[in-house]
Structures are given as structure tokens and as C-alpha cells.
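The numbering of the sequence shown is numbering that gives the first Met the number 0, which starts it at 0 and goes up by one.
The structure appears below as C-alpha cells.
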Amino acid sequence: MEMKTNLKAFELSVKGIKLKYGSSAENAGKFKKKLELAELHVHIDDGNYNEKILKRAIELSKEFRDGTTEFEEKLHKLKAEGKEEAGSRGRMLILDQVMDIIKKNINLDSSESKICPNYLKAVDKLEKLMEKTSYEKGERGYDEEIKAAWVNIREEMYVEQLEEMYAETKNKERRTLSEYTMAAKANVKPSISPQYTHVPSRDDRS
């Protein structure tokens, strides 16, 4: 699964979890566990996991009565192949960082800017860049390359966010000034024109 598709599904999942479990203190435990399961799904769907991750996913899935077949099959295969882990640690690190961004975006309060980092654009750029690599996912060279690429792409993502926030601030200032000017004009009293003074003509005086 593409990172972009995987993370977009995670965003929708988090919104659904928040809607179902995030409104009351008594559901706090369920909310936390359901969120953890969603995060594990992201890593497993990307092909990055180890025995600990798979066992935890199975445990949480059973608790919420979700299917466990996929995780059990992967665990069986991992053991049969004598492997400790599958996938890329570099991708896991990046996915964790982006999931943190997504969770923060969803939990913004009303006082914060709604301009969020464009993670979809960033991970799409990252994956297109990594298509050119000569390394296979999971190789040390792959992990080093993807982490180095992500540092630059992440920085670009945050610079773009700051530029958009700055533009938003300037637009708000212009709107505020325009509204103030219009209000000021509406409250100006009409100027009093000088009174007309009649100068009597010769005919008036006669």
C-alpha cells in the first residue's frame, strides 16, 4: 500500500475513533487502545513489523473483536522464515512522525491556525523519490537514504506551512483594515453646508 493511501486511511480512522470514544473520560482507555491498533495497522500495512508488533495487534484486535487472521498469518510466516522483523525501520520512523502530525491536526483547538502541514504532498514526493533508489526496502542503505530524503522533504513541508500561515495572517489584517475603514466611513456625520445668506437687492429695499 502507498504511504499516502495508508496515512489517509489512518486519518479517517482517527476521526472515527475520536467521534466514538473521545468524548467521555470513561472511554479514555478504549480510545487509547483503538488509536494504538490503528497505528499498528499503518505499520503492518506498509510491511514493517516484528513479532512484538504483530502479537500486540492480535491482542488488541481480539479485545475489540476485530479479525486477527492477517496478523496471525504474518506472524507464522515471520517465524517460519526465521526472521526477527520485516520491512524498513526508516519507513516506520517516518510513519510515526506523520501519524503524530495527523493526530495533532485533528486535535487542534479553535484558537490555532487550521493551516496544517501538507503531509500527503510530502509523502507522495518521498515515495516518488525512493522509486529511483537501487536499494530494496529493509536494506541498511534504503533506510539511510529514505531518512536523509525525509529530512529535506519534511523541512520543505514546514516552510510551506509557515508561508501559508503568514499569507493567511496578512489577508486577515487586510480584511480587518478594510472592515474598519468601511465602518469608519459609515459612521461619519454629513458635513454641514454653510447657511445661505440672502443679500437684499435694490428691489427688496424699495
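Positions of the beta carbon are idealized from the N, C-alpha and C atoms, including for glycine.
Burial state of residue i, where buried means 16 or more other Cβ atoms lie within 10 Å
{"i": "residue 60", "result": "buried"}
{"i": "residue 205", "result": "At residue 205 the pLDDT is 48, less than 50, meaning the model places this residue with poor confidence; the figure from the coordinates comes in the next sentence. Residue 205 comes out exposed."}
{"i": "residue 181", "result": "exposed"}
{"i": "residue 165", "result": "exposed"}
{"i": "residue 161", "result": "exposed"}
One or two residues paired with residue i in a DSSP bridge
{"i": "residue 48", "result": "85"}
Within 9 Å, strictly: CB atoms of residue i and residue j
{"i": "residue 226", "j": "residue 122", "result": "Because residue 226 is not part of the residues shown, which for the chain are 0 to 205, the question remains open."}
{"i": "residue 132", "j": "residue 152", "result": "no"}
{"i": "residue 40", "j": "residue 12", "result": "yes"}
{"i": "residue 73", "j": "residue 53", "result": "yes"}
{"i": "residue 125", "j": "residue 2", "result": "yes"}
{"i": "residue 57", "j": "residue 38", "result": "no"}
{"i": "residue 10", "j": "residue 105", "result": "yes"}
{"i": "residue 157", "j": "residue 116", "result": "yes"}
{"i": "residue 118", "j": "residue 150", "result": "no"}
{"i": "residue 32", "j": "residue 62", "result": "yes"}
Assigned secondary structure, residue i (DSSP; H/G/I helix, E/B strand, else coil)
{"i": "residue 164", "result": "helix"}
{"i": "residue 63", "result": "coil"}
{"i": "residue 204", "result": "Only weak support is given to the placement of residue 204: the predicted model assigns it a pLDDT of 49, under 50, and the value that follows is read from those uncertain coordinates. Three-state result, residue 204: helix."}
{"i": "residue 1", "result": "coil"}
{"i": "residue 106", "result": "coil"}
{"i": "residue 69", "result": "helix"}
{"i": "residue 20", "result": "helix"}
| Counting pairs of Cβ atoms below 8 Å between the segment 72-90 and the segment 136-144, do you hit three or more? | yes
| field | Meets three-Cβ-pair contact criterion under 8 Å: the segment 62-78 and the segment 35-54 | value | yes
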